[in-house]
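Student: The structure's right below; bear with me while I get my questions together.
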Amino acid sequence: MDLLSNARAGFAGIDADAALKEKALGNLETWLTHPDFAAYRPQIEHLCGAGAWSVLLDSFYQVMPFGTGGRRGAVGIGPNRMNLWTLGASVQGHCEYLRQRFPGVAPLKVVLAFDVRQFEDKRKVYNPALPNPVLHLSSREFCQHAAGVYAANGIQAHILPPDSKRYVPTPELSFTVRFLRAHGGLNMTASHNPPDDNGSKFYDDRGSQLVPPEDQLMSEMVDQVTAIKHVPFADAVRAGKVQFLDDAPHRAFIDLCRHESVLGAPKADELRVVYTPMHGCGGFCAGEVLEAQGFRPIPVPEQATPDGQFPNVTKTPNPEVPECMDRAERVGLEKGADLIISTDPDADRLGGMANRSPDGKGTFRFLTGNEIAALLTHFKLAQLARSGSLPAAPIVITTEVTTGQVARIGRHFGAQTIADLLVGFKYHADALWQIESTGQFGDVRGTVQDFVIASEESHGIMATAGVRDKDSACAALLLAEAALYQKRQGSTLVAYLDELNRQFGYFRNELLNIVLTGLEGKVNMGRMLDALRRNPPKTIGGLPVTSVEDLQDEGGRMGPFKGDTDKAARNFLIFRLTGDGIGAKVCLRPSGTEPKAKAYIEVSGQPWKPGTPQADWDAACAEIDKRVQLLATDFLTQALATIGQTPTPGADKLSR
Numbered sequence: 003m004d005l006l007s008n009a010r011a012g013f014a015g016i017d018a019d020a021a022l023k024e025k026a027l028g029n030l031e032t033w034l035t036h037p038d039f040a041a042y043r044p045q046i047e048h049l050c051g052a053g054a055w056s057v058l059l060d061s062f063y064q065v066m067p068f069g070t071g072g073r074r075g076a077v078g079i080g081p082n083r084m085n086l087w088t089l090g091a092s093v094q095g096h097c098e099y100l101r102q103r104f105p106g107v108a109p110l111k112v113v114l115a116f117d118v119r120q121f122e123d124k125r126k127v128y129n130p131a132l133p134n135p136v137l138h139l140s141s142r143e144f145c146q147h148a149a150g151v152y153a154a155n156g157i158q159a160h161i162l163p164p165d166s167k168r169y170v171p172t173p174e175l176s177f178t179v180r181f182l183r184a185h186g187g188l189n190m191t192a193s194h195n196p197p198d199d200n201g202s203k204f205y206d207d208r209g210s211q212l213v214p215p216e217d218q219l220m221s222e223m224v225d226q227v228t229a230i231k232h233v234p235f236a237d238a239v240r241a242g243k244v245q246f247l248d249d250a251p252h253r254a255f256i257d258l259c260r261h262e263s264v265l266g267a268p269k270a271d272e273l274r275v276v277y278t279p280m281h282g283c284g285g286f287c288a289g290e291v292l293e294a295q296g297f298r299p300i301p302v303p304e305q306a307t308p309d310g311q312f313p314n315v316t317k318t319p320n321p322e323v324p325e326c327m328d329r330a331e332r333v334g335l336e337k338g339a340d341l342i343i344s345t346d347p348d349a350d351r352l353g354g355m356a357n358r359s360p361d362g363k364g365t366f367r368f369l370t371g372n373e374i375a376a377l378l379t380h381f382k383l384a385q386l387a388r389s390g391s392l393p394a395a396p397i398v399i400t401t402e403v404t405t406g407q408v409a410r411i412g413r414h415f416g417a418q419t420i421a422d423l424l425v426g427f428k429y430h431a432d433a434l435w436q437i438e439s440t441g442q443f444g445d446v447r448g449t450v451q452d453f454v455i456a457s458e459e460s461h462g463i464m465a466t467a468g469v470r471d472k473d474s475a476c477a478a479l480l481l482a483e484a485a486l487y488q489k490r491q492g493s494t495l496v497a498y499l500d501e502l503n504r505q506f507g508y509f510r511n512e513l514l515n516i517v518l519t520g521l522e523g524k525v526n527m528g529r530m531l532d533a534l535r536r537n538p539p540k541t542i543g544g545l546p547v548t549s550v551e552d553l554q555d556e557g558g559r560m561g562p563f564k565g566d567t568d569k570a571a572r573n574f575l576i577f578r579l580t581g582d583g584i585g586a587k588v589c590l591r592p593s594g595t596e597p598k599a600k601a602y603i604e605v606s607g608q609p610w611k612p613g614t615p616q617a618d619w620d621a622a623c624a625e626i627d628k629r630v631q632l633l634a635t636d637f638l639t640q641a642l643a644t645i646g647q648t649p650t651p652g653a654d655k656l657s658r
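Below is the structure:
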């Protein structure tokens, strides 16, 4: 075929592995010739004619893999894009996995959820004048297509009715799987990614995402799919293979979250809270919980309506990005609010800004994910201790890349602290499951009744064992109550943070994104980590590297690999440094969902000593702030040098 010959010639000019190019050509031939893909052919021909070889190579060289949050990426045409074929193959593999995991069980049941997204090709990849099967494709339609695959495989799907005006956010999906005693779940969402992305996250019967080796087994079953069974959604409904969710799970979820209150309802207007779902579905969990608990959240009108294009959000609907809360901040200043709370599109992540003045007349300070983790960990432990409700052996869970202040806080309250997990709340859920089923996880022993809180630096909190994923609803309630408690003391969350820094040491945590896009970027990312693994730096930012830990070392603490997915998740290097009375750490891993490597940088000091002059304390904190940037700049330079690159101006910019 001329198109394939042209593609081969076009791929030749791209610096990538020859085997990947051959794989892309094979997949491209299938999509050009198989009748199942006929609807996609006009756009593929257009891309070939336009010489968009990098786009085509990246779209066809693989079937989109599972990452830390599942399968997520750009909607588009090809096996490495989110489309109905990619989803259908994933769901077919999930059906095979469920039948193997629950032999003889009938009916098998799954719960389906979706966010507000709809693909409109904002990146302008495709020709708008030609037919395009993915254009206007919404998360709801993706989910209805998935229901048709489950139905064709004899599996009952529970989903919202087509005319429903509400959504099932991520934490409610986790809860609903458990509530309905389903055997699995699917969440169609790209979380906080740009609007042209989408993703499918699969859940097990515990309400959590799959961990190794189970995700490996499912991945292999997806790879073995040669035919996708499917019936139209309407036919599946008529056959009784689709059940529409009623309000019972939702009401039970809201009640569960309200039960996590440690202060009780506030008095009328005692705390002024601005809340925005940033066009996502958070109003159906975090917003409802705040309202039901008496906080009367003040809306941000232009962001209150679910809209998958996120038209009134600056940059991206991600609570990790301060700029996305600009409109909420304006409302907060106008209303004299004490606290601003935001959630991302699928409402698993929580963002916050706190007023610097207890009278609500000050300016706002952005709260990082690490600060929220430390605040809520301390607040919940302290309130439980104050009320005499703290378990005898409380359990706190966090990750290797979350601020070390969480572990110090946990130890202060006598908590058993799991603080070295990989990135992804599925690992938090797995630790909790092991405690629930065996009574221990590593050296930690107890029951789920001992569980207090779990956190992750990327604005994730889990505060109840009834949910096994990030949960903005419980987190929003706890953050509002923490602000309320401080206000009753004539203080603020900003002052609370200062108190924690003095008591447990000042921790500065920053994220350095090393962006490496496309297939070439993926290849370079692998080369970079392998080079740093073989020849780690001796110093970073002027501090000596005292130890290096490679989590892919099968002789290390994580033991032998449980499969390829486990090996990929453990592509993780930890450089520990010391000097000048401070501790430091740099962790590096490829992102599981975005085209970049992430370097997590932490520098910490000792707790404030009584009698230390304020000027000396301020100087010590300033030195830590300075050291973080030195580490980032030097590490970026050394990392890029391994692949023959140098930093571009501003590439060492940090994002908390």
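Counting from 3, one number per residue, gives the positions in the sequence shown under our numbering.
Ideal Cβ positions, reconstructed from N, Cα and C, are used throughout, including at glycine.
#1: Report yes if the C-beta distance between PRO649 and LEU642 is below 7 Å; otherwise report no.
#2: If you reduce the DSSP assignment to three classes, tell me which class ALA586 lands in.
#3: I'd like to confirm the pairing. Which residues does DSSP put opposite ASP199 in its beta bridges?
#4: Could you spell out where the alpha helix (DSSP H) holding LYS25 opens and where it closes?
#5: Rounded to the nearest angstrom, how far is the Cβ of ALA349 from that of CYS283, given a contact under 8 Å?
#6: Out of curiosity, what's the CA-to-CA distance linking ALA376 and PHE427?
#7: Determine contact between the region 462-481 and the region 348-368, defined as no fewer than three beta-carbon pairs at a distance below 8 Å.
#8: Between which residues of its own chain and PRO299 is the CB-CB distance below 8 Å, once the five residues before and five after are set aside?
#9: Thinking just about the alpha-carbon of each residue, which of MET530, SER593, GLU512 is nearest to the one in GLU626?
#10: Does the pairing of the region 226-246 with the region 441-453 give three or more beta-carbon distances under 8 Å?
#11: Beta-carbon within less than 8 Å of PRO597's beta-carbon, same chain only, minus the 5 sequence neighbours each way: which residues are those?
#12: How many Å lie between THR635 and ALA586 at the Cα?
#13: Leaving out five residues on either side along the sequence, give the residues of the same chain with a beta carbon under 6 Å from the beta carbon of ALA433.
#14: Tell me the rounded alpha-carbon separation between ASN320 and SER7.
#15: Does DSSP classify ASN515 as helix, strand or coil?
#16: Check whether the Cβ atoms of MET66 and ASN82 lie closer than 7 Å to each other.
#17: With burial defined as no fewer than 16 other Cβ atoms inside 10 Å of the residue's Cβ, what is the status of PHE246: buried or exposed?
#18: Could you tell me the distance, in whole angstroms, from the CA atom of GLY201 to the CA atom of GLN218?
#19: For ASP309, collect the residues of the same chain with a Cβ closer than 8 Å to its Cβ; drop the 5 residues on either side in sequence, then sort them by chain order.
#20: Among PHE297, CYS287, VAL264, which one has its Cα closest to the Cα of ALA270?
#21: What's the call for LEU139, buried or exposed, on a 16-neighbour Cβ count within 10 Å?
#22: Who pairs with ALA456 in a beta bridge, going by DSSP?
#23: Hey, could you find the ends of the alpha helix (DSSP H) ILE46 is sitting in?
#24: Does the count of Cβ pairs from the region 170-189 and the region 203-213 closer than 8 Å reach three?
#25: Have a look at LEU575 and ALA339 and give me their C-alpha separation to the nearest angstrom.
#26: So if DSSP puts ALA427 in a beta bridge, which residue, or which two residues, is it bridged to?
#27: Starting from the N-terminal side, write out each stretch of the beta strand (DSSP E) that is 3 residues or longer and does not extend beyond the region 249-320.
#28: Let's see if you can read the secondary structure: which residues bound the alpha helix (DSSP H) around PHE235?
Tutor: Taking the structure as given:
#1: Inclusion of PRO649 and LEU642 in the CB contact set at 7 Å is warranted, their separation being smaller than that value.
#2: Strand at ALA586.
#3: Answer by DSSP bridge pairing, in chain order: ALA76.
#4: Per DSSP, LYS25 belongs to the alpha helix (DSSP H) from 20-35.
#5: With 8 Å as the limit, ALA349 and CYS283 qualify as a contact, their Cβ atoms being about 5 Å apart.
#6: Taking the straight line joining both Cα atoms gives about 17 Å.
#7: The region 462-481 is in contact with the region 348-368.
#8: Correct list, in chain order: VAL275, VAL276, TYR277, GLY289, LEU292, GLU293, ILE343.
#9: Here residue 626 turns out to be Ile, not Glu, going by the sequence shown. Measuring from the Cα of ILE626, the nearest candidate turns out to be GLU512.
#10: No contact exists between the region 226-246 and the region 441-453.
#11: Hits under 8 Å: VAL517, LEU518, THR519, GLY520, GLY523, LYS524.
#12: In a straight line, the C-alpha of THR635 is about 15 Å away from that of ALA586.
#13: Excluding residues within five positions, the ones whose Cβ falls inside 6 Å are ILE399, ILE420, PHE443.
#14: Each residue's alpha carbon lies about 42 Å from the other.
#15: Here DSSP, grouped into helix, strand and coil, assigns ASN515 to strand.
#16: Against a cut-off of 7 Å, the Cβ pair of ASN82 and MET66 comes out as a contact.
#17: Exposed.
#18: C-alpha of GLY201 to C-alpha of GLN218: approximately 18 Å in a straight line.
#19: Cβ-Cβ distances below 8 Å link ASP309 to VAL118, HIS281 in the same chain, with the five nearest sequence neighbours on each side left out; the list follows chain order.
#20: For the residues PHE297, CYS287, VAL264, the minimum Cα distance to ALA270 belongs to PHE297.
#21: Buried, because 16 or more other Cβ atoms sit within 10 Å of the Cβ of LEU139.
#22: DSSP lists ILE399, MET464 as partners of ALA456.
#23: Start and end: 43-51.
#24: The region 170-189 vs the region 203-213: in contact.
#25: LEU575 and ALA339: Cα-Cα distance of roughly 42 Å.
#26: For the record, residue 427 in the displayed sequence is Phe; it is not Ala. PHE427 pairs with nothing; no bridge assigned.
#27: As summarised for the region 249-320, the continuous beta strand (DSSP E) elements at least 3 residues long and confined to that stretch are 275-278, given in chain order.
#28: PHE235 -> alpha helix (DSSP H) spans 235-240.
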